[in-house]
Every structure is written in C-alpha cells, then in structure tokens.
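Trainee:
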Amino acid sequence: MPLSLFPFFALVTILTFLEIGISASYCQNLSNETLGKASCPLNFDILKKLVNKDPESSTFANISTQCQTILEGLDLVRSEYLRTNEYFVPPPTTSKACWDSYQLLIGEFINGFDIETSCGYNIAEWISKPCMNIKSRAQFESLIPSTDLYQLRYYCTQSLDDSFTCELCTRKLLQLRKNYFDGIGSTAGNISACSGYPSMYAAAFINNFGPTDKATAKCLFSIELKPKKSSSSHHRSAIAGATAGSLVGLLGAFSAILVLLMRRHRKNIKERSRRVMEKNDSVKDETSLVFGFGLYSRSTGLKKFKIKDIKSATMNFSREHIIGMGGYGNVYKGVLPDGSEVAIKRFKNCSLVGDANFVHEVEVIASVKHVNLVELRGFCTATIPLEGHQRIIVCDLMHNGSLYDHLFGSEKKRLSWPIRLKIALGTARGLAYLHHGLHPAIIHRDIKASNILLDETFEPKVADFGLAKIKSEGTTHLSTRVAGTLGYVAPEYALYGKLTEKSDVYSFGVVLLELLSGKKAYDNDEGKIFRVTDWAWELVEQGRALDVLEQDMAEIGLAEVMEQYVLVAVLCSHPILEVRPTMDQTVKILESGLPVRSSS
C-alpha cells in the first residue's frame, strides 16, 4: 500500500451528504404500486444524523470520488442492518425499493446524478447480491479463522476517535481483506461488496460503539461528520471542522512528500547545535519550577567538581578511559577519590557564553528522579589553557554498558526477548515521566541505543541529558537548532527544527525497531544506505510484519503479540507526528498489549 494511503486511507474519501434523505420509515410507508417491490428494510435515516449538512461542502472533485463515497455510505447503512438482523444484505425482493430510496437521497444532494449511469453499478446485484454467497454473520465467521477474529477484537474494540487507534484497527482490516477477499474471481458474486465486508462486520459486532458512532463512521467508512454549531467562543473549532475534509486529503499526499524529503535530506543533516541549552529556551524561574507533587529545585545536592578532580579521575582524559563517543563529546570512565566509579561526559566546542544557563539546566535535570533515568552526580565548568572552555557532567557508571554494546558491540551478547521487552518498557516509562510526569515537560532530543544504559539486572537508565530541552508552559513546540543522531531524528525536527515530545517518541520507535530486529538505525556500507525505519515500513506494508523480528531470538512471544510490538514501533516512528502515540499511550500498550484511547 502506498504510504500516502497509510494510515489515512480510511479518511481520504469523504462523504458529505446533505441532511436530506428518505428514512426507512418513509420507505416502508410507500405503496408497492410506487416501488414495484417490497418496502426497504435499510435505515437510510442514520446517514442524516452523521453527515455534513453544509451544501457547499457536498461537492466532490470527480465522479470516481462520488461513486466511492456513495458505496461507503451504503456500507455503513448495511452494517447497521447487519448489527440488528445479522445479515449483510437485505432480501432480494427489496432491492429495487432500497435502490430507489438511495437514488432519491443522492439526487437530492447532487442534482441530476444517476448512480447506475455515472458509476456503472448493476441494480440487480449492487444492494442485495452478496459477496462469495456470504449473507449472514455466521457464514462470515465460518470463513475467517478464529485467530484472525480474535486479533480483530484485539485491535478494533475500543473507540476509534483518534488517528492512532483508528490506524491499529484499519491496518488489521486491510490484512483481513487482503487474505480473504482480494483477488477473487467473477464467480464470487458482488465483488464491490467484498472489500466492505470486514469493515461492516467490525463496525457491527467488534467495535463497542457500533456503526452509527461518529468516530466509527469516520474511521471505517470515511464519513465526514457534521460540524459542531459555531459560536464566538468556538469559532476556531468550527473552522477546523469545516476544513477537515480538505486537510485529510492533503495529509495523505503530504505524508508521501515528507518521506521523500526525509530520504533526500537526512544524509545532509549536520549536528549543528553546539550548546547544551539555548538561552531563549531556558527556564526563567531561577528558584524552582513546580511539577506534579515535587519541584524542579536547586536543592539537589548536585556537586560542582573541580577540573583537577575530573582530570585525575580520567587520567587526564586518557583515551584508554573512553567508554563512549559521539558528535557532542566523549564519555569517560572515572574513579573519584572516594573510590566510586562514574561516567564523565565531556562536551566539545564549548565557550563561556551560556554557562549560566547550562548550570541552571543541569540543576533542573538533576532534581528529576526516576528509576529509569540516570542520576546526575555533578558537573564542571572551567577553562583549560590550550584546551579551551570545558563543560562536563558526571553520573553513576552502569557496569552492564549500553544497549548499543549488547546489540551491536564487538562482543555483543544476544538478548532474549523478555530482556529486550524489559529494556523497551523501562525506557518508555522514563520518557513518559519526562513528558507527562513533569510540568513543564523535558524533551530529551537524543534517544538512541548508546544512551540507554543497563544496570546489573538489565534495568534501563536513559542517559545523556546534555541535549535536553525544557518545554515552556503553554507552548506546543520549540523551534530550535537540530540536535541528535542520524537515524534517530524525527523528520519534522530534522527538516524544520520543530521539536515536540513526539520527536522523542520517533526516536523511541527507532530504538524499539532495533530491539525487535537487531539491525542498526542507520548504516552506510560503501554508499549503500540502510535505514531501519524504511526497511520496517516496507515489510509492514507488504503484510510481513513478523519478518522484522531478528532470526533465532530467544524466548520470542506469540506471533500476534510480536506483531503488535512491531506495529507499535512502526507507528512511533511514523513520519507524520500526529499519527505517533504519546509515550503514556506507548507505555500502556507495552504493559497491556492493547491499544488505548488518546488523552486528547
């Protein structure tokens, strides 16, 4: 499936009927002399309660779009009929009555539009002739294996009122459609109905809210909802509702454009930010900042080390003491005078300018305590003759090294899936705390395998807050110079400098793909560039999500559960930030294995 259709394919075609139609009760009251057949049992009245009443928004761009939306509108009506009667199609004797009712409805909002002539639909089979002779719920369930029906319930039970939960459900429906309804021959009956069967069934019996729920109608049948009545206090919401159809169509194309730009420009992203914190984004309150039930406070017990103690601990920054290297500095193993082992990060290319902000931000970050965050022990700022100005942070040493060491190091040890899941979940919890447990939130900016350290029990500790940004209250994003590591940087941040919590979510998605696949985020082997996100996306689009998993991984889970983890990783690293879940959502999914509703 083209990326432009994923995950917006269920929204691209938009139905904008007027609030004019023929209700089922009216249809039933018409005489047989008028209809020529039995009365119609389909309740077209439900469309009036869902669709947009604005006449200007009911104009479609072309005949193809009109025919598709008309078909999906009928699928919604038949889904409600399926829910109440357990049949996909009404009796054949009512076909003409239903056809006339629907044609009259369509004619009211598109003058002179004839469904049969314009769309080529056959009256005899379009409404009442089933696909593959499947007429009832029982026949459908006998065709689909119980494991697939279980997975459908797994993904589609909850409300579909945000793009993330909608994507989880529609992705599974696409797979079901591909496996059992695509590519069927002409003997199957009403081929046009086959593609709608999975969505009709899911809306009728799987989703807890039913086909007439606005979120379900929008997600599964592309029904554009009625806008809320505008008022002076909700003027912006009314405008957003009126333009939603246009934006949805544009987003599908934009996703493809963005990916092309991302692929073209990622290789040119330079690590341009040399300062740990920029003055204009720093926190203004110099005493404390409230978060949750605690404080960002200067009373952290954070020690300011002297440069001579740092040099002594690292044997004057000996190369033999280097345990990590990056674009912004090296990490050294050090031993303090009291005998404790520490990790010492020495930043490159520093100057006196901004030292005050650096110290303040370090103190703020040091006050943040969480089991999955590395605790800072101290810092150092100094100027060394011939070596320039120094900015250094000191934290506890993790004796099990980094996740990168275990996945890709020269002496890498193959991690079992339970250990990898523990690392993923702990990392997600740490990031969720930074994003949602603190006010204002902290955005890490450099989540990667080498910045996830492991203690003796493989409990992960998110490290290296040297690039972190504190998000000011009331702001939706920060506009800042790009920082981070190639392969982990979110596209909207890499291309436009737009930094949000979802930038960290993208990086976490890349790390989760590394844990699942055992492949590096980015590799350039003699000019042949590999990105784990592009590779994983391609496999998922081909319906081969399980091929993302590293071969011979020990203690791997059930196939349907592992597929869920792959899908979560792919969604977290989606090129469109609105599609990515929050870290809170991601934690809940990893903990429970179930999709969750957005808090927004």
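Heads up: the sequence shown runs through residues -24 to -1, 1 to 576, numbered per mature numbering (1 follows the signal peptide of the UniProt record, and there is no 0).
From the three backbone atoms N, C-alpha and C, an ideal C-beta is built for every residue, glycine too.
1) Check H297 in the structure and name its three-state DSSP category.
2) With a threshold of 6 Å on Cβ separation, who are the neighbours of D560 within its own chain once the five nearest residues in sequence on each side are excluded?
3) Whole angstroms is fine: what's the gap from G305's alpha carbon to D138's?
4) Given 7 Å as the limit, tell me if Y308 has its C-beta closer than that to any heavy atom belonging to the ligand SAH.
5) Would you call I552 buried or exposed, if buried means 16 or more other Cβ atoms sit within 10 Å of its Cβ?
6) How many Å lie between P187 and L489 at the Cα?
7) If we count the other Cβ atoms within 10 Å of its Cβ and call it buried at 16 or more, is P361 buried or exposed?
8) By the three-class DSSP mapping on this structure, what secondary structure does C43 have?
9) Just to confirm my understanding: we take N256, look at its own chain, exclude 5 residues before and 5 after, and list those with CB closer than 8 Å. What are they?
10) Would you report the Cα separation of S171 and S343, rounded to the nearest angstrom?
11) CB I320 to CB A289, shorter than 8 Å?
12) The alpha helix (DSSP H) spanning F384 covers which residue range?
13) What does the Cβ neighbour count give for I423, buried or exposed, with the cut at 16 atoms within 10 Å?
14) Rounded to whole angstroms, how far is the Cβ of V318 from the Cβ of L373, which I believe are closer than 8 Å?
15) Tell me the start and end of each unbroken beta strand (DSSP E) in the stretch 495 to 562 that is at least 3 residues and wholly inside, in chain order.
16) Kindly provide the ranges of any beta strand (DSSP E) runs that are 3 or more residues long and lie completely inside the stretch 322 to 364, ordered along the chain.
17) Cα separation between I110 and W511?
18) Does the stretch 497 to 505 come within contact of the stretch 522 to 539, defined as at least 3 CB pairs closer than 8 Å?
19) Tell me which residue opens and which closes the alpha helix (DSSP H) that K437 is part of.
20) Can you list, in chain order, the residues of its chain whose CB lies under 8 Å from that of L522, leaving out five sequence neighbours each side?
21) Can you list, in chain order, the residues of its chain whose CB lies under 6 Å from that of D261, leaving out five sequence neighbours each side?
22) What is the DSSP secondary structure of K474, reduced to helix, strand or coil?
23) Okay, do the stretch 111 to 121 and the stretch 62 to 73 touch, 3+ Cβ pairs below 8 Å being the bar?
24) Do A545 and G485 have their C-beta atoms closer together than 8 Å?
25) Along the chain, where does the alpha helix (DSSP H) containing I428 start, and where does it finish?
26) If you measure between the beta carbons of N376 and F293, is that distance less than 8 Å?
27) For the putative contact between T192 and L136, defined by C-beta atoms under 8 Å, what is the C-beta separation to the nearest angstrom?
28) Give the secondary structure of T219 by DSSP, where H, G and I count as helix, E and B as strand, and everything else as coil.
29) Based on the DSSP output, what are the partners of E317 in its beta bridges?
30) So, is G463 buried or exposed, given that buried needs 16 or more other C-beta atoms within 10 angstroms?
31) Between D440 and the rest of its own chain, which residues show a CB-CB distance below 7 Å, the 5 nearest in sequence each way excluded?
32) Please look up how many angstroms separate the CB atoms of I103 and C74, rounded, as I've assumed it's under 8 Å.
33) Would you please state the rounded distance, in angstroms, between the beta carbons of F20 and V53? I believe it to be under 8 Å.
34) Note down the Cα distance separating S71 from S175, rounded to an integer number of angstroms.
35) Would you decide whether residue 624 is buried or exposed? Buried here means 16 or more other CB atoms lie within 10 Å of its CB.
36) Between the beta-carbon of Y173 and the beta-carbon of C95, is there less than 8 Å?
Mentor: Looking at the atomic coordinates:
1) In the sequence shown, residue 297 corresponds to position 321, counting from 1. Assignment of H297 by DSSP, reduced to helix, strand and coil, places it in the helix class.
2) To locate residue 560, count along the sequence shown from 1; it is residue 584. These residues qualify, in order along the chain: A408 and H412.
3) Indexing the sequence shown from 1 puts residue 305 at position 329. Indexing the sequence shown from 1 puts residue 138 at position 162. If you take the alpha carbons of G305 and D138, they lie about 40 Å apart.
4) Questions concerning the ligand SAH fall outside what the structure shown contains, since it holds no ligand whatsoever.
5) Locating residue 552 in the sequence shown gives position 576, where the first residue counts as 1. I552 counts as buried, since at least 16 other C-beta atoms from the protein chains shown sit within 10 angstroms of its C-beta.
6) Here residue 187 is taken as the residue at index 211 of the sequence shown, counted from 1. Here residue 489 is taken as the residue at index 513 of the sequence shown, counted from 1. Rounded to the nearest angstrom, the two C-alpha atoms are 35 Å apart.
7) For the purposes of this step, residue 361 is taken as the residue at position 385 of the sequence shown. Classification of P361: exposed, given that the 10 Å Cβ count is below 16.
8) On the sequence shown, position 67 is the one that residue 43 refers to. In this structure, DSSP gives C43 a helical state, which the three-state scheme calls helix.
9) As a first step, residue 256 is located in the sequence shown; it is residue number 280 there, counting from the start. Since pLDDT at N256 reaches only 30, below the 50 mark, its modelled position is unreliable, and no value is offered.
10) The residue given as residue 171 occupies position 195 in the sequence shown. The residue given as residue 343 occupies position 367 in the sequence shown. Roughly 55 Å separates the two Cα atoms.
11) For the purposes of this step, residue 320 is taken as residue 344 along the sequence shown, with counting starting at 1. For the purposes of this step, residue 289 is taken as residue 313 along the sequence shown, with counting starting at 1. Yes; because the gap between Cβ atoms is below 8 Å, this pair is in contact.
12) For the purposes of this step, residue 384 is taken as residue 408 along the sequence shown, with counting starting at 1. Under the DSSP assignment, F384 falls in the alpha helix (DSSP H) whose first and last residues are L379 to F384.
13) The count along the sequence shown starts at 1 and reaches residue 423 at position 447. By the neighbour-count rule (16 or more Cβ atoms within 10 Å), I423 is buried.
14) On the sequence shown, position 342 is the one that residue 318 refers to. On the sequence shown, position 397 is the one that residue 373 refers to. Between L373 and V318 the Cβ distance is about 5 Å, and since that is below 8 Å, they are a contact.
15) Segments of the beta strand (DSSP E) lying fully in the stretch 495 to 562: 498 to 501 and 504 to 507.
16) 352 to 360
17) For the purposes of this step, residue 110 is taken as residue 134 along the sequence shown, with counting starting at 1. For the purposes of this step, residue 511 is taken as residue 535 along the sequence shown, with counting starting at 1. Spanning the two alpha carbons is a distance of roughly 38 Å.
18) These segments do not touch.
19) Your numbering for residue 437 matches position 461 in the sequence shown. Counting along the chain, K437 falls outside any alpha helix (DSSP H), though it belongs to the beta strand (DSSP E) covering P436 to V438.
20) Position 546 of the sequence shown holds residue 522. Sequence-distant partners of L522 (beyond 5 residues in either direction) whose C-beta falls short of 8 Å from its own C-beta, in its chain, are A535, M538, E539 and V542.
21) Against the sequence shown, residue 261 aligns to sequence position 285. Model confidence at D261 stands at a pLDDT of 29, short of 50, so the residue's coordinates are unreliable; what they give is reported in the following sentence. The beta carbon of D261 is closer than 6 Å to none in its chain, skipping five residues each way along the sequence.
22) One-based indexing of the sequence shown puts residue 474 at position 498. Three-state DSSP puts K474 in a strand.
23) Touching, yes, given that three or more Cβ pairs across the two stretches are closer than 8 Å.
24) Walking along the sequence shown from the start, residue 545 turns up at place 569. Walking along the sequence shown from the start, residue 485 turns up at place 509. In contact: A545 and G485 (Cβ atoms closer than 8 Å).
25) For this step, residue 428 is matched to residue 452 along the sequence shown. Counting along the chain, I428 falls outside any alpha helix (DSSP H), though it belongs to the beta strand (DSSP E) covering I428 to L430.
26) Residue numbering aside, residue 376 sits at position 400 when the sequence shown is read from its first letter. Residue numbering aside, residue 293 sits at position 317 when the sequence shown is read from its first letter. No, these two residues do not count as a Cβ contact at 8 Å.
27) As a working note, residue 192 is residue 216 in the sequence shown. As a working note, residue 136 is residue 160 in the sequence shown. Going by Cβ atoms, the distance from T192 to L136 rounds to 6 Å, so yes, they are a contact pair.
28) Start at 1 with the first residue of the sequence shown, and residue 219 comes out as number 243. Here the model assigns T219 a pLDDT of 30, short of 50, so the residue's position is not dependable and the matter cannot be decided.
29) Indexing the sequence shown from 1 puts residue 317 at position 341. Answer is V311.
30) The count along the sequence shown starts at 1 and reaches residue 463 at position 487. Counting Cβ neighbours within 10 Å, G463 comes out buried, since at least 16 surround it.
31) For this step, residue 440 is matched to residue 464 along the sequence shown. Only K321, D422 and N427 meet the Cβ criterion.
32) Walking along the sequence shown from the start, residue 103 turns up at place 127. Walking along the sequence shown from the start, residue 74 turns up at place 98. Going by Cβ atoms, the distance from I103 to C74 rounds to 5 Å, so yes, they are a contact pair.
33) Within the sequence shown, residue 20 is the residue found at index 44, counting from 1. Within the sequence shown, residue 53 is the residue found at index 77, counting from 1. Their Cβ separation, rounded to whole angstroms, is 6 Å, which keeps F20 and V53 in contact under 8 Å.
34) Translated into positions along the sequence shown, residue 71 becomes position 95. Translated into positions along the sequence shown, residue 175 becomes position 199. Computed Cα separation, rounded: 22 Å.
35) Only positions -24 to 576 of the chain appear in this structure, which leaves residue 624 out of reach.
36) Reading the sequence shown from its first residue, position 197 is the one you call residue 173. Reading the sequence shown from its first residue, position 119 is the one you call residue 95. No. Outside cutoff.
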